[in-house]
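Mapping the sequence shown onto numbering that gives the first Met the number 0, position 181 (from 1) lands on 180, and the numbers just tick up by one.
Built from N, CA and C at the ideal position, the CB exists for glycine as well.
Remember, it's a predicted structure, so these values are computed and weren't measured experimentally.
A short write-up of the structure that comes next.
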Amino acid sequence: MTEQSPGKTPAVTCLDELRARVRCWRDAGERVALVPTMGNLHAGHLALVDAARRQADRVVVSIFVNPTQFGPNEDFDAYPRTLEQDLQALGQAGCDMAWCPERQVMYPLDGGFMVKVPAGLADTLCGRYRPGHFDGVASVVLRLFNQVQPDLAVFGEKDFQQLLILRWLARDLSLPIEVHGHPTQRDHDGLALSSRNQYLSDSERAKAPLLHRCLCDLVEGLKAGRDWSSLKDTALSALEKAGLKPQYLVWCSAEDLGPPRPGSPQRLLVAAWLGKARLIDNLPVDP
Ligand code: AMP
Numbered sequence: 000m001t002e003q004s005p006g007k008t009p010a011v012t013c014l015d016e017l018r019a020r021v022r023c024w025r026d027a028g029e030r031v032a033l034v035p036t037m038g039n040l041h042a043g044h045l046a047l048v049d050a051a052r053r054q055a056d057r058v059v060v061s062i063f064v065n066p067t068q069f070g071p072n073e074d075f076d077a078y079p080r081t082l083e084q085d086l087q088a089l090g091q092a093g094c095d096m097a098w099c100p101e102r103q104v105m106y107p108l109d110g111g112f113m114v115k116v117p118a119g120l121a122d123t124l125c126g127r128y129r130p131g132h133f134d135g136v137a138s139v140v141l142r143l144f145n146q147v148q149p150d151l152a153v154f155g156e157k158d159f160q161q162l163l164i165l166r167w168l169a170r171d172l173s174l175p176i177e178v179h180g181h182p183t184q185r186d187h188d189g190l191a192l193s194s195r196n197q198y199l200s201d202s203e204r205a206k207a208p209l210l211h212r213c214l215c216d217l218v219e220g221l222k223a224g225r226d227w228s229s230l231k232d233t234a235l236s237a238l239e240k241a242g243l244k245p246q247y248l249v250w251c252s253a254e255d256l257g258p259p260r261p262g263s264p265q266r267l268l269v270a271a272w273l274g275k276a277r278l279i280d281n282l283p284v285d286p
């Protein structure tokens, strides 16, 4: 069940083997970290592996393109799958094991148990445009937590709503797992790294960094005390003029995605279509 060659991280597909390996580490008193991914790894994912290595003795990266988090008209079939390159990259990054379950291992019962994310967290922002998405994310992450039983798990701030929901999942269900967030890794021009960036044509790719630039300008504007609704209108017009189709642009509480509260952490979040790619990004607003 295990694939191994020099330089590559071994890929485990059998639950018993995963459990046996993790048990060995735990018996030796080692701390285990999990980094959940859908594969097609880039420097953003590898930064999470690096962060995990700094906080644990062993790092497991899961690679699973999770069908339950894709809507019926979304890109599940087209989603890039690059397992061989991923295992090579994980070998270089010092990952101890890649957990690559088949669909029947992840979901033994077809139409099985699912997590229902509370409405306030799931129905806003991305959840409004991707109904059921966060139920799928929470369900697969809970399954991964049960399979791997890590001490901690690392997620990217790039998917900020997802990170927040998973923090609440761990807290609400009293899971004995620390949920860590890691800052968004960006290309040289500010575009957040994403597997979906490869859906962009050359001319779309040239326009895509505008999303991050708008967020930076908005943070500056808010810090200067300018009016949010006119800042927002200007940003949305700039995005539309460049050919992006914004879905949302919000300034909210970084704790519960509700209205921003003075003195507590705040965040700007944006989602926009550009050609075939749905891009998301976010930035903290320091008080
Ligand atoms: P994905 O494979 O897209 O499901 O992402 C797996 C994990 O990597 C999630 O926790 C993402 O938030 C994180 N991630 C994706 N892109 C980035 C990025 N550019 N910087 C940091 N983390 C990222």
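Asked	Found
Proximity winner among Arg-266, Pro-259, Pro-264, Gln-246, relative to Leu-303 (alpha-carbon distances)	Only positions 0 to 286 of the chain appear in this structure, which leaves residue 303 out of reach.
Nearest residue (CA-CA) to Asn-72, options Val-104, Arg-129, Leu-86, Lys-240	Arg-129
Best match in Phe-75, Gly-70, His-44, Ala-55 for proximity to Val-64 [C-alpha to C-alpha]	Phe-75
Coil, strand or helix - Ser-263 by DSSP	coil
Start and end residues, beta strand (DSSP E) containing Thr-36	31 to 36
Beta-carbon contacts of Cys-215 that lie in its chain and below 8 Å, excluding the five residues immediately before and after	Gly-189, Leu-282
Range covered by the beta strand (DSSP E) that runs through Gly-247	Correcting the residue identity first, residue 247 is Tyr in this sequence and not Gly. Run containing Tyr-247: 244 to 252, per the beta strand (DSSP E) assignment.
4 or more residues per run - each alpha helix (DSSP H) lying fully within the region 38 to 120	42 to 54, 82 to 92, 102 to 105
Contact set for Pro-259: own chain, Cβ-Cβ below 8 Å, skip 5 residues either direction	Trp-250, Cys-251, Ser-252, Gln-265, Val-284
Closer than 7 Å: Asp-158 CB and nearest ligand 1 heavy atom	yes
Simplified DSSP state of Arg-20, which is helix, strand or coil	helix
Cut-off 6 Å between Cβ atoms - residues of its own chain near Leu-143, not counting five sequence neighbours on either side	Pro-35, Ser-61
Top-ranked residue by Cα proximity to Arg-114, from Val-104, Leu-108, Phe-133, Gly-126	Here the sequence assigns Val to residue 114, which means Arg is not the residue at that position. The candidate whose alpha carbon is nearest that of Val-114 is Phe-133.
As assigned by DSSP and simplified to three states, the class of Gly-155	strand
Within 8 Å, strictly: CB atoms of Ala-88 and Val-116	no
Simplified DSSP state of Ala-223, which is helix, strand or coil	coil
8 Å Cβ cutoff met for Glu-16 and Arg-57	no
Same chain, Cβ closer than 8 Å to Leu-172, neighbours up to 5 away in sequence not counted	Leu-141
Beta carbon of Ser-42 nearer than 8 Å to that of Ala-152	Here residue 42 is Ala; the residue named in the question, Ser, does not match the sequence. No, the Cβ-Cβ distance between Ala-42 and Ala-152 is not below 8 Å.
Any C-beta of chain C under 8 Å from that of Ala-152	Protein chain content of the structure displayed is limited to a single chain, and chain C is not contained in it.
Straight-line Cα distance separating Ala-241 from Gln-206	Going by the sequence as given, residue 206 is Lys instead of Gln. Those two C-alpha atoms are separated by around 7 Å.
Sufficient close CB pairs (3 or more, under 8 Å) joining the region 4 to 13 to the region 44 to 51	no
Cβ-heavy atom distance, Phe-69 to ligand 1, below 7 Å	no
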